[in-house]
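According to the numbering used here, the sequence shown holds residues -14 to 553 in order. Each remark here refers to the structure printed beneath this line.
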Amino acid sequence: MAEPDPKDSLDAATRATRSLQGLSTELTARVPQLLEAMRSVGAGLELHSTLDRICETAAELAHARYAAIGVVDELGEGLSDFVTYGVPQDVAEEIGRRPDGHRGLLGALIHDPGPVRLADLSTDPRSAGSPPGHPRMRSFLGVPIRVQGEIFGNLYLTEKHGGAEFSDYDLHMVRVLATEAGIAIGNARLYEAARQREHWIDGSVAVTTALLSGGDADEALSVVAEQARRLADAAAGIVLLPAEGGGLEIVAVSSDDPSSLLGVIIPGRSAVVVKLLAGEAVFIDDSASDSRMVTRLADRFGPSMLLPLQSGGRVLGALATPRSRGARPFAEAERTLAAQFASQAALALMMAEAQRDRERLAVYEDRDRIARDLHDLVIQRLFATGMMLESAQRRSVVPEVRTGVGRAVDELDVTIQEIRTAIFALQQEPAEAPSGLRTRVLREINMAAVPLGFKPSHRFLGPVDSLVGELTGKNLVAALREALSNAFRHAEASLIDVVVDATVTLPDGRGAVRLSVADDGVGIPEGGRRSGLRNLARRAESLGGSSRIGPGIGEGGGGTTVVWEAPL
């Protein structure tokens, strides 16, 4: 990712200086302040923090009490985001929903972007008034922000200090700042897009690795659901497969309440199902109000992406990533990345299915070979041995020998029948037994070893396979995957130790299973993102357990230990 081009900032500063030549000494004296403001605006690459910085810098430059940036949506009809400065958090909560740009002065500036300076915005005919609890605002200054020639949004300033109006000097300064803001936002957008693509690619790699690792199908589909939910910043990740009676059945869920979704069948008459099975993606702005959503589950969700799991012209199922009600809609870039992720997941599913078929065929061929050997070699030899014994029995004149040989022949007959029963069983299709918890934990550790560059050590305490139930086991494996992912992405660890202990007793006397993942990395920085840790806590709490972090296994307690436990 390229750093912001200093030449762009220099060009903007040059144009600004030239445009200010011949104006008052007051304005010229503020040029250093403007240049410092421009430097501050272009100092970072994270998009939302860049918008926050622009608001704060513009307010300081123009001596305004409040500042905001309204980000125009992709259709150019409203606001997709609204970033503010100067409005206290309690006041913002009292106001409630932020402007959507569909009406009022903000809406007018979307359709007619240009500089606006008002002494009293409440007297402007385009104004639609303020909601209850909104701070008093009179003086107003608004300028458009363009990114690569296209309108990104508008920068608004209100309430100049001292009750004065915004001056022509303020307007000139803010317009120059908006030019620099456009450059900074453009760079931040590119960085954000690159980082987002990197995350989706990492997610695709994780899904492919999980699907091709030889695990059971249900667990692999759960990985798809979990990765899709995380990458799309959705309330749930849902995998649907064709149901026997038609329609699509939810077979894997990653959400705060998966049990209410698993097993639900979306009927084939649904227009959404028809499109998905035809290989078409469906994007919904509000699941709760869209008439195409025919199940009761839609009421709890807002914007949704429903993507076909399609590869080679074959639709294997569908992937849904709904967000919570009131959440922002999916941007075009997110839709494109999610569609690519779904295609990669579908390809990995087909490859995994083909791999399982090959492995199953190899097992069948081996069983057939064993059955043929038993029939053609072992049984024939036993039969020949039995005939020789019968001949010897007839020639013997000693009663004890005749009796003993007769018993041996009878035993051979029984043995031949047992072998024939075994041959019949070998020729039947083997039932697929689910993997035990120990096997699944080892599989996650082996998968993590590839990106880590080393294999984490591990220990099992107690009979984990027999004591830990299926639901708790699935959540434990998911928690392990999250902890190992965090260690790989953030910890820079060179040593990781995994312990699964099924002999734990909780303070209330209940038996429990405890997962500990300790590393010698850099630890969790102050102010760092903790969404992964929150996910671990939610999983544990949904089972009546808990999750916590502590010192790691590095020198002097360096690193992090994640402890996750749930009752048995």
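Beta carbons are placed, not taken as given, at the ideal position from N, Cα and C, and that holds for glycine.
Item: Rounded straight-line distance, which links the Cα of G253 to that of L106; Value: 54 Å
Item: C-beta atoms of A77 and L142 nearer than 9 Å; Value: no
Item: For P120, the nearest candidate out of L126, L94, D187, D75 (CA to CA); Value: D75
Item: Segments of 4+ residues assigned as alpha helix (DSSP H) that fall wholly inside the stretch 151 to 208; Value: 153 to 196
Item: Alpha-carbon spacing of G248 relative to A93, whole angstroms; Value: 48 Å
Item: Given R131 as reference, the closest of A263, I95, G391, D353 once Cα atoms are compared; Value: I95
Item: Start and end residues, alpha helix (DSSP H) containing G458; Value: 455 to 471
Item: Contact under 9 Å by Cβ, V485 with A503; Value: no
Item: Contacting residues, own chain, Cβ-Cβ under 8 Å from A393 (five flanking each side not counted); Value: L374
Item: Contact between the stretch 171 to 190 and the stretch 148 to 163 (3+ Cβ pairs under 8 Å); Value: no
Item: Where the alpha helix (DSSP H) through V31 begins and ends; Value: The sequence given here places Glu at residue 31; Val does not occur at that position. First-last for E31: undefined, no H or E at that position.
Item: Selection from D218, K440, A104, V363 that minimises the alpha carbon distance to E319; Value: D218
Item: C-alpha distance - P448 paired with N460, whole-angstrom precision; Value: 18 Å
Item: Segments assigned alpha helix (DSSP H), at least 4 residues, entirely inside the stretch 215 to 296; Value: 256 to 262
Item: C-beta atoms of F326 and Q181 nearer than 9 Å; Value: no
Item: Any 3 or more C-beta pairs closer than 8 Å across the stretch 464 to 481 and the stretch 429 to 440; Value: yes
Item: With 16 other Cβ atoms within 10 Å as the buried cut-off, status of M158; Value: buried
Item: Per DSSP, cross-strand counterpart(s) of K145; Value: A49
Item: DSSP bridge partner residues for E550 (one or two, in chain order); Value: R499, S531
Item: Same chain only: Cβ atoms within 6 Å of S189, ignoring 5 sequence neighbours per side; Value: F326, Q329
Item: Beta-bridge partners of E350, as assigned by DSSP; Value: According to DSSP, which records beta bridges pairwise, E350 is partnered with nothing at all.
Item: Nearest-angstrom Cα separation, counted from R343 out to D66; Value: 51 Å
Item: Exposure of E165, with buried meaning 16 or more beta-carbon neighbours within 10 Å; Value: buried
Item: From G298, R285, D242, V209, residue whose alpha carbon lies closest to that of P576; Value: What is shown of the chain runs -14 to 553, which leaves residue 576 out entirely.
Item: G138 classed as buried or exposed, judged by whether at least 16 other C-beta atoms fall within 10 angstroms; Value: buried
Item: Nearest to Q133 (by Cα), restricted to the options R425, G167, D395, P100; Value: G167
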